[in-house]
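In our numbering, the protein residues as written are 14 to 409.
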């Protein structure tokens, strides 16, 4: 270990992690121009955190952009040698969130591609958001931070590419919320990407997704420590955030995966305690653990902003006045849409609506529905299937 307790390169045994990208240091950039936002308002200074993997060719024609999901970040692969803030413990022993997919010889091969992943506006992982300092007041933005949308995130990615001198992507790839972002980039700037891979996502979130997001926000806002988002100098609304995370975690699973993982097993005992306040079942213990680890690394205000942006997004309304086929006709990229059989947050039928619209618009698209018991999390868990699909798509 290094003297300050953080991981050094000597602590990582890369032989245990074949084809790892190794140590990756996050990068920062301030966009050269103010950014006008879809819902109104302007951010005069947009600082972004991003990471890159592999090497950009002199022609700058081998870039692949990965768009992260709701509570993800720019750290998609490898290890962060010097994690700071709320991410310090989280990144201390874990590789990036898609490390199995990104690296030398992997599906997204860093020997071939220059891979980019950036953190989005409104989050709390290095890009400006409600927990950042408002230069006008010297205090955290809180709820005075402007509302952001998926369209803003797509524009943010496009501006980053300009800063890096990249005019066109080999592919934009995203799962869940990241799939919305990748889709919006292909709609807003059809010429910007040759390929588009959308995993566990569609042109909008389902009504059930809207409902679960609403309950999560309700839990945060009605926590006694919320104080209209001005909690940065005192106790945070962690109870509300924990409830929101537990609610969301349920949507990431499926009944089959919960039965397989937990069944109705009691936690550490053979008979129940018949208590109303304690943890009785393994399922409860799992949700409690997920909540406890999440509140240590995420900002409650960011959760409000991120889920609201997902709710607002409806590509058919934005680009086709409600007609998804008209919307799909804008896409020039060769596209692959991947759904998972037990995903009920972005179910296969929702993914198929986008695919059918692209077929109607005579756009090049392939579609795969992967049998899986893992629910929405399958795009992160079904690594063998996803690796084969992405690897084959990028090779072609």
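Ideal placement from N, C-alpha and C gives every residue a C-beta, glycine not left out.
Going by beta-carbon coordinates alone, are residue 170 and residue 134 separated by less than 7 Å?
Reading the chain shown from its first residue, position 157 is the one you call residue 170. Reading the chain shown from its first residue, position 121 is the one you call residue 134. No, Cβ-Cβ distance for residue 170 and residue 134 is not below 7 Å.
Is it the case that the region 277-288 contacts the region 239-246, given that we only count it when at least three CB pairs across the two stretches are under 8 Å?
The region 239-246 and the region 277-288 do not touch, with fewer than 3 CB-CB distances between them shorter than 8 Å.
Return the CA-CA distance between residue 396 and residue 148, expressed in angstroms with no decimal places.
Counted from its first residue, the chain shown places residue 396 at position 383. Counted from its first residue, the chain shown places residue 148 at position 135. So the two alpha carbons sit approximately 43 Å from each other.
Comparing C-alpha positions only, which one of 263, 200, 191, 250 sits nearest to residue 224?
As a first step, residue 224 must be located in the chain shown, where it is residue number 211. Nearest C-alpha to residue 224 among 263, 200, 191, 250: 263.
What does the alpha-carbon distance come out to for the pair residue 94 and residue 39?
Your numbering for residue 94 matches position 81 in the chain shown. Your numbering for residue 39 matches position 26 in the chain shown. In a straight line, the C-alpha of residue 94 is about 9 Å away from that of residue 39.
Just to confirm my understanding: we take residue 322, look at its own chain, exclude 5 residues before and 5 after, and list those with CB closer than 6 Å. What are they?
Here the question's residue 322 lines up with position 309 in the chain shown. Here the set comprises 161, 162, 163.
Taking only beta-carbon atoms, is residue 244 less than 7 Å away from chain C?
The displayed structure is made up of one protein chain only, and chain C is not part of it.
Buried or exposed: which applies to residue 258, given that a residue is buried once 16 or more other Cβ atoms fall within 10 Å of its Cβ?
For the purposes of this step, residue 258 is taken as the residue at position 245 of the chain shown. That one is buried.
On the three-state DSSP scale, how would you describe residue 208?
For the purposes of this step, residue 208 is taken as residue 195 along the chain shown, with counting starting at 1. In the three-state reduction of the DSSP assignment, residue 208 falls in the strand class.
Suppose contacts are defined by Cβ-Cβ distances below 7 Å. Is residue 137 in contact with residue 312 by that definition?
If you number the chain shown from 1, residue 137 lands on position 124. If you number the chain shown from 1, residue 312 lands on position 299. Yes, they are a contact pair.
Could you check what DSSP says for residue 314 in three-state terms: helix, strand or coil?
Sequence index remark: in the chain shown, residue 314 carries index 301 (1-based). Residue state, collapsed to three classes: helix.
Is residue 327 helix, strand or coil when you go by DSSP?
One-based indexing of the chain shown puts residue 327 at position 314. In the three-state reduction of the DSSP assignment, residue 327 falls in the strand class.
Expressed to the nearest angstrom, what Euclidean distance is found between the alpha-carbon atoms of residue 22 and residue 363?
In the chain shown, the residue the question calls residue 22 occupies position 9. In the chain shown, the residue the question calls residue 363 occupies position 350. Caution is warranted here: a pLDDT of 33 is assigned to residue 22, below 50, making its placement in the model unreliable, and the coordinate value is therefore given only provisionally. So the two alpha carbons sit approximately 44 Å from each other.
Taking the alpha-carbon positions, what's the residue 47 to residue 54 distance?
Position 34 of the chain shown, counting from 1, holds the residue named residue 47. Position 41 of the chain shown, counting from 1, holds the residue named residue 54. Between residue 47 and residue 54, the C-alpha separation is close to 10 Å.
Which first and last residues belong to the beta strand (DSSP E) in which residue 78 is found?
Locating residue 78 in the chain shown gives position 65, where the first residue counts as 1. Per DSSP, residue 78 belongs to the beta strand (DSSP E) from 76-80.
With distance defined between alpha-carbon atoms, name the residue in 275, 307, 87 nearest to residue 253.
As a first step, residue 253 must be located in the chain shown, where it is residue number 240. Closest in C-alpha terms to residue 253, from the list 275, 307, 87, comes 307.
Whole alpha helix (DSSP H) runs in the region 340-396 with 4 or more residues, listed along the chain?
The qualifying runs are 361-373, 391-394.
To the nearest angstrom, how far is it from the Cα of residue 177 to the Cα of residue 207?
In the chain shown, the residue the question calls residue 177 occupies position 164. In the chain shown, the residue the question calls residue 207 occupies position 194. C-alpha separation (whole angstroms): 18 Å.
Using the C-alpha atoms, what's the distance from residue 215 back to residue 367?
As a first step, residue 367 is located in the chain shown; it is residue number 354 there, counting from the start. As a first step, residue 215 is located in the chain shown; it is residue number 202 there, counting from the start. The straight-line gap from Cα to Cα measures roughly 7 Å.
Does the distance from the C-beta atom of residue 348 to that of residue 378 stay below 7 Å?
Locating residue 348 in the chain shown gives position 335, counting from the first residue. Locating residue 378 in the chain shown gives position 365, counting from the first residue. It is a contact, given that the beta carbons lie within the stated cut-off.
Between which two residues does the alpha helix (DSSP H) carrying residue 272 extend?
What you label residue 272 is simply residue 259 of the chain shown in a count that begins at 1. Its alpha helix (DSSP H) spans residues 268-274.
Count the other CB atoms within 10 Å of the CB of residue 401; is the residue buried (16 or more) or exposed (fewer)?
Numbered from its first residue, the chain shown carries residue 401 at position 388. Looking at its Cβ environment, which holds fewer than 16 other Cβ atoms inside 10 Å, residue 401 is exposed.
Taking all protein chains shown into account, do 16 or more other C-beta atoms lie within 10 angstroms of the C-beta of residue 237, making it buried, or fewer, making it exposed?
For this step, residue 237 is matched to residue 224 along the chain shown. That one is exposed.
From residue 256 to residue 180, what does the alpha carbon distance come to, in whole angstroms?
Numbered from 1 along the chain shown, position 243 holds the residue referred to as residue 256. Numbered from 1 along the chain shown, position 167 holds the residue referred to as residue 180. Their backbone Cα atoms lie some 42 Å apart in a straight line.
DSSP puts residue 92 in a beta bridge; with which residues?
What you label residue 92 is simply residue 79 of the chain shown in a count that begins at 1. Beta-bridge pairing links residue 92 to 36.
Own chain residues within Cβ distance below 8 Å of residue 32, not counting five before or after:
The residue you call residue 32 lines up with position 19 of the chain shown. Result list for residue 32: 116, 117, 118, 119, in chain order.
CA-CA distance, residue 165 and residue 346?
Sequence index remark: in the chain shown, residue 165 carries index 152 (1-based). Sequence index remark: in the chain shown, residue 346 carries index 333 (1-based). Using only the alpha carbons, I get a separation of about 20 Å.
Only counting the same chain, and skipping five residues up and downstream in sequence, which positions put a Cβ closer than 8 Å to that of residue 230?
Within the chain shown, the letter at position 217 stands for residue 230. Excluding residues within five positions, the ones whose Cβ falls inside 8 Å are 257, 316, 317, 320, 321.
Is it right to say residue 175 is buried, meaning 16 or more other beta carbons lie within 10 angstroms of its own, or is it exposed?
Within the chain shown, residue 175 is the residue found at index 162, counting from 1. It is exposed - the Cβ of residue 175 has fewer than 16 other Cβ atoms within 10 Å.
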